[in-house]
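**Student:** Residue numbers for the sequence shown, in UniProt numbering: 1 to 432.
The beta carbon of each residue, even a glycine, is placed where N, CA and C say it ideally should be.
Small disclaimer: the values here were computed from a predicted structure and weren't measured.
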Amino acid sequence: MSADHKTTQLDAPLSETTRTVTLVTWKTVGVLLVVTVLYALLLIAVPHSGDTRFLLSQRSDFFQIPVIVVPAAPFAWACGAVMLAVTAVAVVLTARGRRTPLWLVVIYSLAGLAGFLAWAGAGSPRDLSIVGLLGGAVLWSVPFVYGALGGVIGERSGVVNIAIEAQLLGAAFTAAIVSSITNSAFAGLFAAVFAGALVALVLGLFAITYHVNQVIVGVVLNVLVVGLTSFLYSQVLVPSAETLNSTTRFASIPIPVLSDIPVLGPVLFDQPLPIYLMFIAVPTVWYTLNRTRWGLRLRAVGEHPKAADTVGIDVVRTRYNAVLVAGAVAGLGGAFYTTVYLSQFGENMTGGAGYIALAAVIFGKWDPIRSAFAGLLFGFASNLQNVLSVVGSPVPSQFMLMVPYVVTLLAVAGLVGRSRPPAASGEPYIKG
(Lines of atoms letter the chains of each structure in order from A and count residues from 1; the text may use other names and numbers.)
(Lines give C-alpha, C1' and ligand atoms only; values in the text may rest on other atoms or scores of the structure.)
Protein backbone atom coordinates (compact mmCIF):
# COMPACT_ATOMS: atom_id res chain seq x y z
CA MET A 1 0.00 0.00 0.00
CA SER A 2 0.98 3.57 -0.26
CA ALA A 3 1.13 5.03 3.23
CA ASP A 4 1.46 3.22 6.50
CA HIS A 5 -1.20 3.09 9.13
CA LYS A 6 -0.99 1.81 12.62
CA THR A 7 -4.16 1.54 14.65
CA THR A 8 -3.85 1.28 18.40
CA GLN A 9 -6.72 0.53 20.75
CA LEU A 10 -6.24 2.41 24.00
CA ASP A 11 -7.34 0.67 27.16
CA ALA A 12 -10.34 2.32 28.76
CA PRO A 13 -13.19 1.45 31.08
CA LEU A 14 -16.27 -0.05 29.46
CA SER A 15 -18.16 3.20 30.02
CA GLU A 16 -15.65 5.15 27.97
CA THR A 17 -15.36 5.24 24.23
CA THR A 18 -12.40 3.41 22.72
CA ARG A 19 -10.17 5.83 20.87
CA THR A 20 -8.32 5.05 17.69
CA VAL A 21 -4.96 6.64 16.99
CA THR A 22 -3.73 6.62 13.40
CA LEU A 23 -0.02 7.08 12.76
CA VAL A 24 0.95 7.99 9.21
CA THR A 25 4.44 7.88 7.73
CA TRP A 26 5.74 9.82 4.75
CA LYS A 27 7.62 6.90 3.25
CA THR A 28 5.49 6.54 0.13
CA VAL A 29 5.43 10.28 -0.50
CA GLY A 30 9.21 10.31 -0.24
CA VAL A 31 9.57 7.54 -2.82
CA LEU A 32 7.16 9.24 -5.23
CA LEU A 33 8.96 12.56 -4.85
CA VAL A 34 12.42 11.06 -5.38
CA VAL A 35 11.32 9.14 -8.49
CA THR A 36 9.64 12.26 -9.91
CA VAL A 37 12.78 14.35 -9.41
CA LEU A 38 14.98 11.68 -11.00
CA TYR A 39 12.58 11.41 -13.92
CA ALA A 40 12.69 15.17 -14.51
CA LEU A 41 16.49 15.21 -14.26
CA LEU A 42 16.66 12.44 -16.87
CA LEU A 43 14.55 14.43 -19.33
CA ILE A 44 16.64 17.55 -18.72
CA ALA A 45 20.08 15.92 -18.78
CA VAL A 46 19.45 13.64 -21.78
CA PRO A 47 16.80 15.29 -23.97
CA HIS A 48 15.45 13.24 -26.87
CA SER A 49 13.70 14.57 -29.95
CA GLY A 50 11.58 12.87 -32.57
CA ASP A 51 8.55 10.62 -32.42
CA THR A 52 7.95 7.30 -30.70
CA ARG A 53 5.85 4.64 -32.41
CA PHE A 54 3.82 2.25 -30.23
CA LEU A 55 2.79 -0.98 -31.98
CA LEU A 56 -0.34 -2.62 -30.49
CA SER A 57 -1.25 -5.30 -33.04
CA GLN A 58 0.17 -8.31 -34.81
CA ARG A 59 -0.60 -9.46 -38.34
CA SER A 60 -2.57 -12.48 -37.12
CA ASP A 61 -4.99 -10.43 -34.97
CA PHE A 62 -8.71 -10.22 -35.77
CA PHE A 63 -8.34 -6.55 -36.54
CA GLN A 64 -5.46 -4.14 -36.68
CA ILE A 65 -5.02 -1.29 -34.21
CA PRO A 66 -3.25 1.65 -35.88
CA VAL A 67 0.29 2.42 -34.76
CA ILE A 68 0.21 5.19 -32.18
CA VAL A 69 2.75 7.93 -32.89
CA VAL A 70 3.50 10.49 -30.17
CA PRO A 71 6.03 13.35 -30.02
CA ALA A 72 8.50 11.99 -27.50
CA ALA A 73 9.57 15.09 -25.56
CA PRO A 74 6.12 16.74 -25.06
CA PHE A 75 4.55 13.41 -24.20
CA ALA A 76 7.28 12.56 -21.69
CA TRP A 77 6.91 15.96 -20.00
CA ALA A 78 3.12 15.56 -19.90
CA CYS A 79 3.56 12.23 -18.14
CA GLY A 80 5.95 13.93 -15.73
CA ALA A 81 3.26 16.51 -14.97
CA VAL A 82 0.85 13.68 -14.11
CA MET A 83 3.46 12.16 -11.80
CA LEU A 84 3.98 15.51 -10.09
CA ALA A 85 0.22 15.98 -9.65
CA VAL A 86 -0.16 12.53 -8.08
CA THR A 87 2.75 13.27 -5.75
CA ALA A 88 1.11 16.52 -4.69
CA VAL A 89 -2.17 14.72 -3.98
CA ALA A 90 -0.26 12.13 -1.94
CA VAL A 91 1.35 14.92 0.10
CA VAL A 92 -2.02 16.49 0.85
CA LEU A 93 -3.63 13.18 1.80
CA THR A 94 -0.73 12.19 4.05
CA ALA A 95 -0.73 15.60 5.75
CA ARG A 96 -4.40 15.06 6.56
CA GLY A 97 -3.71 11.65 8.04
CA ARG A 98 -5.14 9.69 5.14
CA ARG A 99 -3.40 7.09 3.04
CA THR A 100 -2.81 7.40 -0.68
CA PRO A 101 -5.20 5.10 -2.60
CA LEU A 102 -3.68 2.29 -4.60
CA TRP A 103 -5.29 3.54 -7.80
CA LEU A 104 -3.32 6.78 -7.51
CA VAL A 105 -0.09 4.81 -7.26
CA VAL A 106 -1.14 2.81 -10.34
CA ILE A 107 -1.81 6.04 -12.29
CA TYR A 108 1.58 7.37 -11.20
CA SER A 109 3.34 4.17 -12.30
CA LEU A 110 1.60 4.02 -15.67
CA ALA A 111 2.37 7.69 -16.38
CA GLY A 112 6.02 7.22 -15.48
CA LEU A 113 6.32 4.08 -17.58
CA ALA A 114 4.62 5.63 -20.62
CA GLY A 115 6.80 8.72 -20.41
CA PHE A 116 9.99 6.68 -20.01
CA LEU A 117 9.12 4.45 -22.99
CA ALA A 118 8.37 7.51 -25.13
CA TRP A 119 11.70 9.06 -24.14
CA ALA A 120 13.65 5.82 -24.71
CA GLY A 121 12.12 5.09 -28.11
CA ALA A 122 12.34 8.63 -29.50
CA GLY A 123 13.52 8.80 -33.09
CA SER A 124 13.84 5.03 -33.47
CA PRO A 125 12.89 3.65 -36.92
CA ARG A 126 11.48 0.55 -35.22
CA ASP A 127 8.11 0.32 -33.54
CA LEU A 128 8.00 -0.27 -29.81
CA SER A 129 5.88 -3.41 -29.48
CA ILE A 130 3.48 -3.32 -26.54
CA VAL A 131 2.61 -6.97 -27.21
CA GLY A 132 6.28 -7.90 -26.91
CA LEU A 133 6.60 -5.86 -23.74
CA LEU A 134 3.60 -7.45 -22.02
CA GLY A 135 4.15 -10.95 -23.40
CA GLY A 136 7.77 -10.91 -22.30
CA ALA A 137 6.70 -9.66 -18.87
CA VAL A 138 4.41 -12.68 -18.45
CA LEU A 139 7.20 -14.98 -19.63
CA TRP A 140 9.83 -13.53 -17.32
CA SER A 141 7.46 -13.48 -14.36
CA VAL A 142 7.11 -17.29 -14.31
CA PRO A 143 9.95 -18.06 -11.84
CA PHE A 144 9.01 -15.05 -9.71
CA VAL A 145 5.34 -16.05 -9.47
CA TYR A 146 5.99 -19.73 -8.78
CA GLY A 147 8.72 -18.82 -6.31
CA ALA A 148 6.45 -16.31 -4.59
CA LEU A 149 3.64 -18.88 -4.31
CA GLY A 150 6.11 -21.30 -2.72
CA GLY A 151 7.23 -18.59 -0.34
CA VAL A 152 3.65 -17.75 0.64
CA ILE A 153 2.77 -21.38 1.35
CA GLY A 154 5.87 -21.89 3.48
CA GLU A 155 5.60 -18.70 5.49
CA ARG A 156 1.87 -19.04 6.12
CA SER A 157 2.76 -22.29 7.89
CA GLY A 158 5.48 -20.58 9.93
CA VAL A 159 8.55 -21.60 7.91
CA VAL A 160 10.54 -18.84 6.21
CA ASN A 161 11.47 -20.15 2.77
CA ILE A 162 14.73 -18.33 2.11
CA ALA A 163 15.77 -21.32 -0.01
CA ILE A 164 13.56 -20.38 -2.99
CA GLU A 165 16.71 -19.64 -4.98
CA ALA A 166 18.05 -23.14 -4.25
CA GLN A 167 14.74 -24.71 -5.24
CA LEU A 168 14.62 -22.81 -8.54
CA LEU A 169 18.22 -23.59 -9.46
CA GLY A 170 18.08 -27.24 -8.37
CA ALA A 171 14.86 -27.73 -10.32
CA ALA A 172 16.32 -26.11 -13.45
CA PHE A 173 19.38 -28.37 -13.27
CA THR A 174 17.36 -31.53 -12.74
CA ALA A 175 14.86 -30.66 -15.47
CA ALA A 176 17.72 -30.12 -17.92
CA ILE A 177 19.23 -33.56 -17.31
CA VAL A 178 15.95 -35.49 -17.27
CA SER A 179 14.55 -33.70 -20.30
CA SER A 180 17.79 -34.29 -22.23
CA ILE A 181 17.84 -38.01 -21.42
CA THR A 182 14.16 -38.67 -22.10
CA ASN A 183 13.65 -36.09 -24.88
CA SER A 184 10.51 -35.07 -23.02
CA ALA A 185 9.70 -31.66 -21.62
CA PHE A 186 7.00 -33.25 -19.45
CA ALA A 187 9.53 -35.55 -17.81
CA GLY A 188 11.75 -32.55 -17.12
CA LEU A 189 8.82 -30.71 -15.57
CA PHE A 190 7.99 -33.58 -13.20
CA ALA A 191 11.67 -33.96 -12.30
CA ALA A 192 11.84 -30.25 -11.48
CA VAL A 193 8.87 -30.61 -9.12
CA PHE A 194 10.64 -33.50 -7.38
CA ALA A 195 13.91 -31.56 -7.12
CA GLY A 196 12.20 -28.52 -5.62
CA ALA A 197 10.44 -30.71 -3.05
CA LEU A 198 13.72 -32.45 -2.23
CA VAL A 199 15.45 -29.15 -1.44
CA ALA A 200 12.43 -28.17 0.63
CA LEU A 201 12.66 -31.47 2.52
CA VAL A 202 16.22 -30.63 3.56
CA LEU A 203 15.02 -27.19 4.67
CA GLY A 204 12.23 -28.78 6.69
CA LEU A 205 14.55 -31.36 8.24
CA PHE A 206 16.81 -28.73 9.75
CA ALA A 207 14.24 -25.99 10.39
CA ILE A 208 11.31 -28.08 11.67
CA THR A 209 12.87 -31.20 13.18
CA TYR A 210 16.18 -29.84 14.47
CA HIS A 211 14.98 -26.26 15.11
CA VAL A 212 17.92 -24.62 13.30
CA ASN A 213 17.50 -20.94 12.46
CA GLN A 214 15.42 -20.92 9.28
CA VAL A 215 17.16 -17.95 7.67
CA ILE A 216 20.59 -19.51 8.16
CA VAL A 217 19.43 -22.86 6.77
CA GLY A 218 17.93 -21.15 3.72
CA VAL A 219 21.06 -19.15 2.96
CA VAL A 220 23.27 -22.21 3.38
CA LEU A 221 21.05 -24.21 1.03
CA ASN A 222 21.24 -21.46 -1.57
CA VAL A 223 25.03 -21.42 -1.44
CA LEU A 224 25.20 -25.22 -1.39
CA VAL A 225 23.00 -25.67 -4.47
CA VAL A 226 24.87 -22.95 -6.39
CA GLY A 227 28.17 -24.68 -5.67
CA LEU A 228 26.87 -28.17 -6.34
CA THR A 229 25.20 -27.32 -9.66
CA SER A 230 28.24 -25.32 -10.78
CA PHE A 231 30.53 -28.28 -10.05
CA LEU A 232 28.27 -30.79 -11.80
CA TYR A 233 27.79 -28.43 -14.72
CA SER A 234 31.52 -28.15 -15.38
CA GLN A 235 32.34 -31.78 -14.64
CA VAL A 236 29.31 -33.58 -16.08
CA LEU A 237 27.17 -31.41 -18.35
CA VAL A 238 29.88 -29.61 -20.30
CA PRO A 239 31.70 -32.81 -21.41
CA SER A 240 28.39 -34.47 -22.33
CA ALA A 241 26.39 -31.50 -23.53
CA GLU A 242 24.70 -33.30 -26.43
CA THR A 243 23.30 -36.10 -24.30
CA LEU A 244 22.85 -34.46 -20.87
CA ASN A 245 22.35 -30.77 -21.58
CA SER A 246 20.22 -30.47 -24.69
CA THR A 247 16.66 -30.19 -23.48
CA THR A 248 13.31 -30.50 -25.20
CA ARG A 249 11.28 -27.34 -24.64
CA PHE A 250 7.54 -26.77 -24.41
CA ALA A 251 6.05 -25.20 -27.52
CA SER A 252 3.51 -22.40 -27.37
CA ILE A 253 -0.10 -23.56 -27.41
CA PRO A 254 -2.35 -20.95 -29.05
CA ILE A 255 -5.96 -21.10 -27.88
CA PRO A 256 -8.24 -20.80 -30.92
CA VAL A 257 -10.03 -17.47 -31.33
CA LEU A 258 -8.74 -16.06 -28.03
CA SER A 259 -5.12 -15.95 -29.22
CA ASP A 260 -6.14 -13.65 -32.10
CA ILE A 261 -7.51 -10.90 -29.84
CA PRO A 262 -5.32 -7.80 -30.24
CA VAL A 263 -2.82 -7.17 -27.42
CA LEU A 264 -4.26 -9.59 -24.84
CA GLY A 265 -4.50 -12.59 -27.17
CA PRO A 266 -0.77 -13.21 -27.73
CA VAL A 267 0.01 -12.21 -24.14
CA LEU A 268 -2.41 -14.53 -22.33
CA PHE A 269 -3.57 -17.15 -24.80
CA ASP A 270 -0.50 -18.11 -26.83
CA GLN A 271 1.89 -19.44 -24.21
CA PRO A 272 3.66 -22.70 -23.28
CA LEU A 273 2.07 -25.14 -20.83
CA PRO A 274 3.97 -24.00 -17.67
CA ILE A 275 2.53 -20.50 -18.09
CA TYR A 276 -1.03 -21.81 -18.38
CA LEU A 277 -0.33 -23.86 -15.25
CA MET A 278 0.78 -20.64 -13.56
CA PHE A 279 -2.55 -19.01 -14.40
CA ILE A 280 -4.27 -21.95 -12.69
CA ALA A 281 -1.85 -22.20 -9.76
CA VAL A 282 -2.44 -18.67 -8.46
CA PRO A 283 -6.22 -18.98 -7.78
CA THR A 284 -5.75 -22.60 -6.70
CA VAL A 285 -3.25 -21.66 -3.99
CA TRP A 286 -5.49 -18.81 -2.84
CA TYR A 287 -8.53 -21.06 -2.64
CA THR A 288 -6.61 -23.83 -0.88
CA LEU A 289 -5.23 -21.47 1.77
CA ASN A 290 -8.48 -19.62 2.43
CA ARG A 291 -11.33 -22.03 1.68
CA THR A 292 -10.19 -25.53 2.65
CA ARG A 293 -9.65 -27.34 5.93
CA TRP A 294 -6.02 -27.99 5.06
CA GLY A 295 -5.46 -24.29 4.42
CA LEU A 296 -7.14 -23.35 7.69
CA ARG A 297 -4.88 -25.72 9.61
CA LEU A 298 -1.84 -24.45 7.77
CA ARG A 299 -2.64 -20.83 8.63
CA ALA A 300 -3.36 -21.83 12.22
CA VAL A 301 0.09 -23.34 12.76
CA GLY A 302 1.62 -20.26 11.15
CA GLU A 303 -0.18 -17.86 13.47
CA HIS A 304 -0.39 -19.73 16.78
CA PRO A 305 1.09 -23.24 16.68
CA LYS A 306 0.54 -23.89 20.39
CA ALA A 307 -3.18 -23.19 20.11
CA ALA A 308 -3.34 -25.34 16.97
CA ASP A 309 -1.62 -28.18 18.81
CA THR A 310 -4.08 -27.83 21.68
CA VAL A 311 -7.06 -28.48 19.37
CA GLY A 312 -5.40 -31.56 17.89
CA ILE A 313 -3.56 -30.25 14.81
CA ASP A 314 -0.20 -31.93 14.21
CA VAL A 315 2.01 -28.85 13.85
CA VAL A 316 5.13 -30.68 12.66
CA ARG A 317 3.26 -32.72 10.07
CA THR A 318 1.36 -29.69 8.79
CA ARG A 319 4.53 -27.67 8.42
CA TYR A 320 6.31 -30.49 6.62
CA ASN A 321 3.40 -30.84 4.20
CA ALA A 322 3.39 -27.11 3.56
CA VAL A 323 7.15 -26.95 2.98
CA LEU A 324 7.07 -29.88 0.56
CA VAL A 325 4.20 -28.37 -1.41
CA ALA A 326 6.00 -25.01 -1.43
CA GLY A 327 9.16 -26.61 -2.79
CA ALA A 328 7.21 -28.46 -5.49
CA VAL A 329 5.51 -25.25 -6.61
CA ALA A 330 8.85 -23.42 -6.70
CA GLY A 331 10.22 -26.34 -8.72
CA LEU A 332 7.74 -25.51 -11.48
CA GLY A 333 9.36 -22.09 -11.67
CA GLY A 334 12.79 -23.68 -11.95
CA ALA A 335 11.63 -25.85 -14.84
CA PHE A 336 10.91 -22.65 -16.78
CA TYR A 337 14.61 -21.99 -17.32
CA THR A 338 15.42 -25.25 -19.09
CA THR A 339 12.08 -26.37 -20.57
CA VAL A 340 10.71 -23.01 -21.75
CA TYR A 341 13.33 -20.27 -21.84
CA LEU A 342 16.49 -22.12 -22.96
CA SER A 343 17.39 -25.56 -24.29
CA GLN A 344 20.25 -26.06 -21.86
CA PHE A 345 21.30 -25.43 -18.30
CA GLY A 346 23.71 -22.58 -17.57
CA GLU A 347 25.81 -22.00 -14.50
CA ASN A 348 23.86 -20.00 -11.87
CA MET A 349 21.25 -19.25 -14.51
CA THR A 350 18.54 -18.18 -12.05
CA GLY A 351 20.57 -15.06 -11.23
CA GLY A 352 18.94 -14.32 -7.87
CA ALA A 353 15.35 -14.85 -9.00
CA GLY A 354 14.60 -16.60 -5.71
CA TYR A 355 15.44 -13.49 -3.74
CA ILE A 356 13.20 -11.37 -5.97
CA ALA A 357 10.44 -13.94 -5.43
CA LEU A 358 10.96 -13.55 -1.69
CA ALA A 359 10.57 -9.79 -2.10
CA ALA A 360 7.34 -10.44 -4.03
CA VAL A 361 6.04 -12.38 -1.02
CA ILE A 362 6.64 -9.36 1.23
CA PHE A 363 5.31 -6.91 -1.34
CA GLY A 364 2.19 -9.06 -1.68
CA LYS A 365 1.76 -9.20 2.10
CA TRP A 366 1.80 -13.01 2.14
CA ASP A 367 -1.26 -13.20 -0.09
CA PRO A 368 -1.02 -15.50 -3.15
CA ILE A 369 -2.81 -13.18 -5.59
CA ARG A 370 -1.02 -10.01 -4.48
CA SER A 371 2.33 -11.81 -4.51
CA ALA A 372 1.62 -13.09 -8.03
CA PHE A 373 0.95 -9.54 -9.23
CA ALA A 374 4.18 -8.46 -7.55
CA GLY A 375 6.01 -11.21 -9.44
CA LEU A 376 4.41 -9.97 -12.65
CA LEU A 377 5.68 -6.46 -11.88
CA PHE A 378 9.21 -7.72 -11.39
CA GLY A 379 8.93 -9.79 -14.58
CA PHE A 380 7.90 -6.66 -16.45
CA ALA A 381 10.97 -4.84 -15.12
CA SER A 382 13.18 -7.76 -16.20
CA ASN A 383 11.78 -7.75 -19.73
CA LEU A 384 12.05 -3.99 -20.17
CA GLN A 385 15.73 -4.17 -21.10
CA ASN A 386 14.99 -6.61 -23.94
CA VAL A 387 12.32 -4.41 -25.50
CA LEU A 388 14.41 -1.25 -25.28
CA SER A 389 17.40 -2.97 -26.86
CA VAL A 390 15.26 -3.93 -29.86
CA VAL A 391 14.26 -0.32 -30.56
CA GLY A 392 17.87 0.82 -30.15
CA SER A 393 17.38 2.76 -26.93
CA PRO A 394 20.41 4.77 -25.76
CA VAL A 395 19.91 3.55 -22.19
CA PRO A 396 23.08 1.66 -21.16
CA SER A 397 22.56 -2.09 -20.86
CA GLN A 398 24.22 -2.08 -17.44
CA PHE A 399 21.56 0.32 -16.18
CA MET A 400 18.76 -1.80 -17.58
CA LEU A 401 20.17 -4.88 -15.83
CA MET A 402 19.72 -2.97 -12.57
CA VAL A 403 16.05 -2.20 -13.20
CA PRO A 404 14.47 -5.37 -11.70
CA TYR A 405 16.43 -4.97 -8.48
CA VAL A 406 15.77 -1.22 -8.25
CA VAL A 407 12.05 -1.84 -8.74
CA THR A 408 12.22 -4.52 -6.04
CA LEU A 409 13.84 -2.13 -3.57
CA LEU A 410 11.39 0.68 -4.31
CA ALA A 411 8.39 -1.62 -4.08
CA VAL A 412 9.36 -3.21 -0.78
CA ALA A 413 10.83 -0.11 0.84
CA GLY A 414 8.36 2.53 -0.27
CA LEU A 415 5.13 1.10 -1.60
CA VAL A 416 4.46 -2.00 0.48
CA GLY A 417 3.37 -0.08 3.56
CA ARG A 418 3.23 -1.75 6.95
CA SER A 419 2.83 -5.48 6.52
CA ARG A 420 2.57 -8.11 9.22
CA PRO A 421 3.94 -11.57 8.51
CA PRO A 422 2.35 -14.65 10.09
CA ALA A 423 2.89 -14.39 13.84
CA ALA A 424 4.91 -17.61 14.12
CA SER A 425 6.87 -17.15 10.90
CA GLY A 426 10.48 -18.16 11.50
CA GLU A 427 9.73 -19.52 14.96
CA PRO A 428 10.44 -23.23 15.58
CA TYR A 429 7.77 -25.10 17.47
CA ILE A 430 9.00 -27.10 20.43
CA LYS A 431 6.22 -29.09 22.00
CA GLY A 432 6.37 -29.05 25.73
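Can you tell which of Leu-55, Ala-114 and Asp-314 has the C-alpha that lies nearest to the C-alpha of Ala-78?
**Tutor:** One-based indexing of the sequence shown puts residue 78 at position 78. For the residues Leu-55, Ala-114 and Asp-314, the minimum Cα distance to Ala-78 belongs to Ala-114.
**Student:** Taking the alpha-carbon positions, what's the Tyr-146 to Thr-248 distance?
**Tutor:** Working through the sequence shown from its first residue, we reach residue 146 at position 146. Working through the sequence shown from its first residue, we reach residue 248 at position 248. If you take the alpha carbons of Tyr-146 and Thr-248, they lie about 21 angstroms apart.
**Student:** Which residue marks the beginning of the beta strand (DSSP E) containing Ile-255, and which one marks its end?
**Tutor:** Here the question's residue 255 lines up with position 255 in the sequence shown. No beta strand (DSSP E) holds Ile-255; DSSP gives it neither H nor E.
**Student:** Assuming contact is defined by CB atoms lying nearer than 8 angstroms, are Phe-378 and Thr-350 in contact in what I supplied?
**Tutor:** For the purposes of this step, residue 378 is taken as the residue at position 378 of the sequence shown. For the purposes of this step, residue 350 is taken as the residue at position 350 of the sequence shown. No, Cβ-Cβ distance for Phe-378 and Thr-350 is not below 8 angstroms.
**Student:** Can you check which of these residues, Gly-426, Leu-410 and Lys-306, is closest to Val-35 by C-alpha distance?
**Tutor:** To locate residue 35, count along the sequence shown from 1; it is residue 35. Comparing Cα-Cα distances from Val-35 to each of Gly-426, Leu-410 and Lys-306, the minimum goes to Leu-410.
**Student:** On the premise that Val-282 lies in contact with Ile-369, defined as a C-beta separation below 8 angstroms, what is that separation, rounded to the nearest angstrom?
**Tutor:** One-based indexing of the sequence shown puts residue 369 at position 369. One-based indexing of the sequence shown puts residue 282 at position 282. Sure, about 6 angstroms apart at Cβ, within 8 angstroms.
**Student:** Answer with buried or exposed for Val-21, where buried requires no fewer than 16 other C-beta atoms within 10 angstroms of its C-beta.
**Tutor:** Within the sequence shown, numbered from 1, the residue matching residue 21 stands at position 21. With a pLDDT of 47 at Val-21, under the threshold of 50, the predicted position of this residue should be treated as unreliable, and no value is reported.
**Student:** From the beta carbon of Tyr-405, is the nearest beta carbon of chain C less than 8 angstroms away?
**Tutor:** Chain labels in this structure do not include chain C; a single protein chain is all it has.
**Student:** Quick check on the DSSP output: the beta strand (DSSP E) that includes Val-70 runs from which residue to which?
**Tutor:** The residue you call residue 70 lines up with position 70 of the sequence shown. Taken as a continuous stretch (DSSP letters only), the beta strand (DSSP E) holding Val-70 covers 68-71.
**Student:** Count the other C-beta atoms from every protein chain shown that fall within 10 angstroms of the C-beta of Ala-12, then say buried if there are 16 or more, exposed otherwise.
**Tutor:** Walking along the sequence shown from the start, residue 12 turns up at place 12. With a pLDDT of 41 at Ala-12, under the threshold of 50, the modelled position of this residue cannot be trusted; read the value that follows with caution. Its Cβ having fewer than 16 others within 10 Å, Ala-12 is exposed.
**Student:** Quick check on Asp-314: buried or exposed, where buried means 16 or more other Cβ atoms within 10 Å of its Cβ?
**Tutor:** Counting from one through the sequence shown, the residue named residue 314 turns up at place 314. When all chains shown are included, Asp-314 counts as exposed.
**Student:** Count the other CB atoms, across all protein chains shown, that sit within 10 Å of the CB of Gly-312; report buried if there are 16 or more and exposed otherwise.
**Tutor:** As a first step, residue 312 must be located in the sequence shown, where it is residue number 312. Result: exposed.
**Student:** Excluding sequence positions up to five away, which residues of its chain have a Cβ less than 6 angstroms from the Cβ of Ala-122?
**Tutor:** The residue given as residue 122 occupies position 122 in the sequence shown. Answer for Ala-122: His-48, Gly-50, Thr-52 and Ala-72, listed in chain order.
**Student:** Can you grab the Cα-Cα spacing for the pair Arg-59 / Pro-254, in whole Å?
**Tutor:** The sequence position of residue 59 within the sequence shown is 59, counting from 1. The sequence position of residue 254 within the sequence shown is 254, counting from 1. Roughly 15 angstroms between the two C-alpha positions.
**Student:** From Pro-66, Gly-80 and Leu-33, pick the residue whose C-alpha is nearest to that of Ile-44; which is it?
**Tutor:** As a working note, residue 44 is residue 44 in the sequence shown. Among Pro-66, Gly-80 and Leu-33, the Cα nearest to that of Ile-44 is on Gly-80.
**Student:** Compute the distance between the beta-carbons of Phe-250 and Ala-185, then report whether it is under 8 angstroms.
**Tutor:** As a first step, residue 250 is located in the sequence shown; it is residue number 250 there, counting from the start. As a first step, residue 185 is located in the sequence shown; it is residue number 185 there, counting from the start. In terms of Cβ geometry, Phe-250 and Ala-185 form a close pair [threshold 8 angstroms].
**Student:** Since I believe Phe-345 is in contact with Leu-173 (beta carbons under 8 angstroms), could you give me their beta-carbon distance rounded to a whole number of angstroms?
**Tutor:** Along the sequence shown, read from residue 1 onward, the residue named residue 173 stands at position 173. Along the sequence shown, read from residue 1 onward, the residue named residue 345 stands at position 345. Here the sequence assigns Phe to residue 173, which means Leu is not the residue at that position. With a Cβ gap of about 6 angstroms, Phe-173 and Phe-345 count as contacting.
**Student:** Sort out for me which residues DSSP pairs Thr-52 with in a bridge.
**Tutor:** To locate residue 52, count along the sequence shown from 1; it is residue 52. Partner(s): Val-70.
**Student:** From which residue to which residue does the alpha helix (DSSP H) around Trp-26 run?
**Tutor:** For the purposes of this step, residue 26 is taken as residue 26 along the sequence shown, with counting starting at 1. For Trp-26, no alpha helix (DSSP H) run applies, since DSSP gives it neither H nor E.
**Student:** On the DSSP letters alone, give me the boundaries of the alpha helix (DSSP H) that Ile-216 sits inside.
**Tutor:** As a first step, residue 216 must be located in the sequence shown, where it is residue number 216. Here the alpha helix (DSSP H) through Ile-216 covers 214-232.
**Student:** Below 8 angstroms on the Cβ atoms is my contact criterion, and I expect Leu-375 with Ala-175 to pass it. Report the Cβ-Cβ distance as a whole number of Å.
**Tutor:** For the purposes of this step, residue 375 is taken as residue 375 along the sequence shown, with counting starting at 1. For the purposes of this step, residue 175 is taken as residue 175 along the sequence shown, with counting starting at 1. Checking the sequence, you will find Gly at residue 375 rather than Leu. Their Cβ separation, rounded to whole angstroms, is 20 angstroms, which puts Gly-375 and Ala-175 out of contact at 8 angstroms.
**Student:** Would you tell me roughly how many angstroms separate the C-alpha atoms of Pro-422 and Gly-132, rounded to the nearest one?
**Tutor:** The residue labelled residue 422 in the question sits at position 422 within the sequence shown. The residue labelled residue 132 in the question sits at position 132 within the sequence shown. Those two C-alpha atoms are separated by around 38 angstroms.
**Student:** The alpha helix (DSSP H) that contains Val-199, what's its start and end?
**Tutor:** Walking along the sequence shown from the start, residue 199 turns up at place 199. Counting along the chain, the alpha helix (DSSP H) containing Val-199 begins and ends at 185-204.
**Student:** Check Gln-235 in the structure and name its three-state DSSP category.
**Tutor:** The count along the sequence shown starts at 1 and reaches residue 235 at position 235. Three-state result, Gln-235: helix.
**Student:** Out of Val-193, Thr-94 and Pro-66, which has the shortest C-alpha to C-alpha gap to Leu-32?
**Tutor:** Indexing the sequence shown from 1 puts residue 32 at position 32. Ranking the options by Cα distance to Leu-32, first place goes to Thr-94.
**Student:** Give every residue of the same chain whose Cβ lies closer than 6 angstroms to the Cβ of Val-152, excluding the five residues on either side of it in the sequence, and list them in chain order.
**Tutor:** Within the sequence shown, residue 152 is the residue found at index 152, counting from 1. Closer than 6 angstroms at the Cβ level, and outside the excluded window around Val-152, lie Val-361, Trp-366, Pro-368 and Ser-371.
**Student:** What's the call for Pro-274, buried or exposed, on a 16-neighbour Cβ count within 10 Å?
**Tutor:** Taking the first residue of the sequence shown as 1, we reach residue 274 at position 274. Buried: at least 16 other Cβ atoms inside 10 Å.
**Student:** Reducing DSSP to helix, strand and coil, say where Gln-58 ends up.
**Tutor:** By 1-based counting over the sequence shown, the position of residue 58 is 58. Residue state, collapsed to three classes: coil.
**Student:** How many Å lie between Thr-292 and Val-316 at the Cα?
**Tutor:** Looking up residue 292 in the sequence shown gives position 292. Looking up residue 316 in the sequence shown gives position 316. Taking the straight line joining both Cα atoms gives about 19 angstroms.
**Student:** If you scan the segment 285-318 from start to end, which runs of the beta strand (DSSP E) of 3 or more residues do you find wholly inside it?
**Tutor:** none
**Student:** Ser-179 bridges to which residues according to DSSP?
**Tutor:** In the sequence shown, counting from the first residue as 1, residue 179 sits at position 179. Answer is none; Ser-179 lacks a bridge partner.
**Student:** Secondary structure at Gln-344, three-state DSSP: helix, strand or coil?
**Tutor:** Residue numbering aside, residue 344 sits at position 344 when the sequence shown is read from its first letter. It is coil, neither helix nor strand.
**Student:** Which residue wins for smallest C-alpha separation from Gly-170, given the options Ser-425, Gly-354 and Gly-426?
**Tutor:** For the purposes of this step, residue 170 is taken as the residue at position 170 of the sequence shown. Of all alpha-carbon atoms in Ser-425, Gly-354 and Gly-426, the one lying nearest the alpha-carbon of Gly-170 is that of Gly-354.
**Student:** Are Leu-298 and Thr-318 close, meaning C-beta to C-beta below 8 angstroms?
**Tutor:** For the purposes of this step, residue 298 is taken as the residue at position 298 of the sequence shown. For the purposes of this step, residue 318 is taken as the residue at position 318 of the sequence shown. For Leu-298 and Thr-318, yes; Cβs fall inside 8 angstroms.
**Student:** Rounded to the nearest angstrom, what separates Val-223 and Gly-352 at their Cα positions?
**Tutor:** As a working note, residue 223 is residue 223 in the sequence shown. As a working note, residue 352 is residue 352 in the sequence shown. Distance between the alpha carbons of Val-223 and Gly-352 is about 11 angstroms.
**Student:** Quick check: what's the CA-CA separation for Ala-330 versus Val-92?
**Tutor:** Position 330 of the sequence shown holds residue 330. Position 92 of the sequence shown holds residue 92. Computed Cα separation, rounded: 42 angstroms.
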